[in-house]
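Asks: Residues 946 to 1445 in the working numbering are what the sequence shown spells out, letter by letter. Where a beta carbon is used, it is the ideal one built from N, C-alpha and C, also for glycine. Quick caveat, the model's predicted, so the values are computed rather than measured. Can you keep this structure in mind? I'll have questions shortly.
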Amino acid sequence: MDNKYCKNKIFNSKAFISLKPYLSSLFVVLLFSFPLFGFEYSTDTYHFALRSGLSGIYGAMKYNGRLIIYLATKALEAMSVSFVGYYYISYIMSIVFYTLAIATVYKMLRCHMEKRIAFFLAILTILNPMAFELFLFIEKGFFAFAIFMSVLACRYFLCFLQGKRWHIVFSYLFVALSCFTYQPMPGAFVALVLVFIVKYSKTVKNFIINTGLGVTVYGFATFMNFIVMKLFGMSGRMGSGLNFANIYKYLTFGLNIPYLLLVYVGIFAVLFAVVFISAKKKSGKAFTKESVLIFCQYSFIMVGTILTTAAPSIVTTPENVWFTLRYSYPIGMLVGTIPILFNFNCEYEEKEAVFFFEKSIRKSSIVILSVFLILMVVFHSFFFSRHITNSRDEADALKIGEIIEKYEKRTGIEVKYISLYRDSDCSIYFDGVVRLPNCNVRAITTEWCNIPHINLFNGRNFVRVNNSNKYKSYFESKNWDEISEEQFIFEGSTLHLGIY
């Protein structure tokens, strides 16, 4: 089957320099990301924007141990790049590296399946549902770079599996670059490479050796990152030792055990049903050696991907462990890798009617294209909602500044401190926007940017202070829908402000 769709080797020089996959991939990436062309704020960006130059960004990157982003940002600051300029450089980088990642995955797949399916599966693998959040941060271009490095590492591991043994050296290099850029992204290498390990391991011994080597490539990068972070004091979120309980905390994402069982057991129940019902239709028997093997293959890919995604939490302080879309990007790749394995397992006999084969390809193309279109619509609705949130955040901040200025002119007292309280039904989202956990939230309801976003739009330097018990019950008894003067209680140089 490997040569059914491609007569040349995967990385034949003539095929590899073809521009068509890159232009097609670029078109798709632009189609997904054009709503973000205008400058927009994430909750972190409000905080960064208050610093002089780019110091806020590279300070945060140092704290989080993202060495390559830290060094690149320092270099751009030395070149006098502005904050807005940094955003657009990062935006262009994201387009370039997502394009390269999709095209590279397509080239790895096109010799194993029909080209249309290979292209759509490459898109679903890279621009998966967990990619939403990666687009929202000002360092989005570096996230895309980390993804591309993991994809390149998989490409060279595939060359290794095909007999070019020394190519594994490049896998070590590119996974390390991915890890030093953004620590969760080596999981993307694992998510993709497991499919090819299953495909190319002809014996149990080969499978064990290849899996071990894949884990070693991943482990080497994460270990080196751990050492460098410790040596250079870049371990702000790193714990003092290994805490395996963090894996459980990460994978439960704040839910209790019954919900956890419903989520994970439900996924495997669906997988079980699909595999064995398909086997029943094909051979008349549900439980055959082939169907059990296929189920084990899918389970291996899913469990391996989930565990390697959660693995970085082992060295993280417990208070910094939580489930987010950006950290869970490798899990999102299962949307593409599971169908990739399905296509690897769907070998057609040469004697089969051409009509039947083409009909099957057409059905698969329609299903995958439908998923692609749904995903694109969701991306766009979310990104446009992001602009609505930004606009309303700015309007609220300016309204707050206006009321504070009136008080200062009337009393002659300068407001220096703000204490924030929530009303009885305070929402972290504005009405009418797409809601996702940790995404698209209101700035004023987010602890690390509520005061910074007010300062940013008003050119002030307010400092947040703790709540006063004297006013808590008052604010908790109210339920506002917009900013009004009733939410402002001034006490000398301190403002007690209720959030609707």
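Excluding the 5 residues preceding and the 5 following PHE1102 in the sequence, name in chain order all residues of the same chain whose CB lies nearer than 6 Å to its CB.
Replies: SER1116 and VAL1138
Asks: Taking SER1364 as the reference, give the member of VAL1378, ILE1389 and VAL1096 with the closest Cα.
Replies: ILE1389
Asks: Between the Cα of ALA1091 and those of LEU1066, ALA1046, CYS1104 and GLU1430, spot the shortest distance and give me the residue it belongs to.
Replies: Nearest of LEU1066, ALA1046, CYS1104 and GLU1430 to ALA1091, Cα basis: ALA1046.
Asks: Grouping DSSP H, G and I as helix and E and B as strand, with all else coil, what is PHE926?
Replies: With the chain covering 946 to 1445 only, the question about residue 926 has no answer from this structure.
Asks: Pick helix, strand or coil for HIS1398, following the three-state DSSP scheme.
Replies: helix
Asks: With DSSP as the reference, label ILE1444 as helix, strand or coil.
Replies: strand
Asks: By a C-beta neighbour count over all protein chains shown, 10 Å radius and 16 as the cutoff for buried, is SER1027 buried or exposed?
Replies: exposed
Asks: Among LYS1085, ALA1017, LYS965 and VAL1029, which residue has its Cα nearest to the Cα of SER978?
Replies: LYS1085
Asks: Can you grab the Cα-Cα spacing for the pair ALA1166 / SER1035, in whole Å?
Replies: In this structure, the alpha-carbon of ALA1166 lies about 24 Å from that of SER1035.
Asks: Quick one: is THR988 buried, meaning 16 or more other Cβ sit within 10 Å of its Cβ, or exposed?
Replies: Counting Cβ neighbours within 10 Å, THR988 comes out buried, since at least 16 surround it.
Asks: How long is the line joining the alpha carbons of PHE1141 and SER1025, rounded to whole angstroms?
Replies: 44 Å
Asks: Please list, in chain order, all residues of the same chain as GLY1437 whose beta carbon is under 7 Å from its beta carbon, the five residues on each side excluded.
Replies: Apart from sequence neighbours up to five positions away, the residues of its chain that approach GLY1437 with a beta-carbon distance below 7 Å are ILE1358, ordered along the chain.
Asks: According to DSSP, which residues form a beta bridge with ILE1434?
Replies: HIS1441
Asks: What separation, rounded to the nearest whole angstrom, lies between the Cα atoms of THR1282 and GLY1346?
Replies: Rounded to whole angstroms, THR1282 to GLY1346 spans 50 Å at the Cα level.
Asks: Measuring CA to CA, which of ALA1136, PHE1240 and ILE1083 is closest to THR1253?
Replies: Proximity to THR1253 across ALA1136, PHE1240 and ILE1083 peaks at ALA1136, based on C-alpha coordinates.
Asks: Mark ALA1218 as exposed unless 16 or more other C-beta atoms lie within 10 angstroms of its C-beta, in which case mark it buried.
Replies: Exposed, because fewer than 16 other Cβ atoms sit within 10 Å of the Cβ of ALA1218.
Asks: Could you name the residues of the same chain whose beta carbon sits closer than 7 Å to that of ASN1201, not counting the 5 residues immediately before and after it, in chain order?
Replies: Bear in mind that the predicted position of ASN1201 carries a pLDDT of just 48, short of 50, making it unreliable; the figure below should be weighed with that in mind. So no residue of the chain qualifies.
Asks: Have a look at SER1315, LEU1343 and LEU981 and flag the residue whose alpha-carbon is nearest the alpha-carbon of ARG1495.
Replies: Examination of residue 1495 is not possible in this model, given that the chain is present from 946 through 1445 alone.
Asks: Hey, is the stretch 1096-1111 in contact with the stretch 1361-1381, meaning 3+ C-beta pairs nearer than 8 Å?
Replies: no
Asks: On the CB-based measure, 16 or more other CB atoms within 10 Å of its CB, does THR1161 come out buried or exposed?
Replies: Counting Cβ neighbours within 10 Å, THR1161 comes out exposed, since fewer than 16 surround it.
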